[in-house]
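Chains A and B supply the protein sequences, listed in that same order.
Heads up, the final residue of the first sequence is numbered 288 in the numbering used here, and it's a clean run with no missing numbers.
Heads up, the final residue of the second sequence is numbered 201 in the numbering used here, and it's a clean run with no missing numbers.
The C-beta atom is built at its ideal place from N, Cα and C for all residues, glycine as well.
Shown next, in structure tokens, is the structure this report addresses.
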Amino acid sequence: MNLFRLAGDLSHLLAIIILLIKIWKTRSCAGLSGKSQILFALVYITRYLDLVTTYISLYNSFMKVIFISTSLATIYLMYSKFRATYDKNHDSFRIEFLIIPCVILSLVINSNFTVLEVLWTFSIYLESVAILPQLFLVSKTGEAESITSHYLFALGSYRALYILNWIYRYYAEGHYELIAIFAGCVQTILYCDFFYLYVTKVLKGKKLQLPA
Amino acid sequence: KDEFGNKDEL
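Shown next as structure tokens:
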């Protein structure tokens, strides 16, 4: 565990907390993509199956349980409790266009052809693109509430911080995981346009609005 | 991954 890694994990946790607080306080999930949330739940469930097979540390198990349970809670809030506020018509990204290529890619490019390893690889690939329905929703409506922007910024920062962690671990421990590094870079690149808008607009107190 | 192929990252 190094500082980049810890900061990345905390940023990830913060993103989830911001999201839940936003939904709970405003009693609304307007502007949020339920499809991205379904993809994230799928990511955590397929990645953290080793929770029942391998014990790594209390921290590791605790975070895995938190990520799985909060993503399921978010889905419950969006599709059940606050269903009436869910922006269904704008959330029209076809997630099978992401899931199917990730399934194929994980079957072809993986480091071990075992059930757990292929599912882990699938989750890494899927996570890198899971935010696309949310970004698509923002681009469709042309704007995002500040709180949604903070959520996206924290969520995007997490993988960017992981890249620093991977660089550090490569030099400090000789540890590297090519699949995770490659997908993590793709994931971070997808946020770049958003990061730019966040810094130039949201941090200056303006609403995130896309140029027409 | 450690020597048993376990992943310590999240």
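query	result
Suppose the cutoff is 6 Å on Cβ atoms and the five residues either side in sequence are ignored; what does the same chain contact list for S51(A) look like?	The structure shown has nothing for residue 51(A), since chain A only spans 77 to 288.
Confirm, please, whether the CB-CB distance from L148(A) to I99(A) is below 7 Å.	no
What are the start and end residues of each continuous alpha helix (DSSP H) run of 4 or more residues lying completely inside the region 143-211 of chain A, in chain order?	172-184 and 191-205
Looking only at its own chain, which residues have a Cβ that is under 6 Å from the Cβ of L174(A), when we skip the five neighbours before and after it?	V205
Strictly below 9 Å CB to CB, what residues from chain B border I144(A)?	Under the 9 Å cutoff, chain B gives no residues; its nearest Cβ is about 11 Å from I144(A).
Taking DSSP's pairing of strands, which residues face A220(A) in a bridge?	L284(A)
Closest to I151(A) by C-alpha separation, out of L231(A), S187(A), S112(A) and G281(A), would be which residue?	S112(A)
Going by DSSP in three states, Y252(A) sits in which element: helix, strand or coil?	coil
If you measure between the beta carbons of S104(A) and T161(A), is that distance less than 7 Å?	yes
To which residues of the same chain is D126(A) closer than 7 Å at the C-beta, ignoring the five residues directly before and after it?	L192
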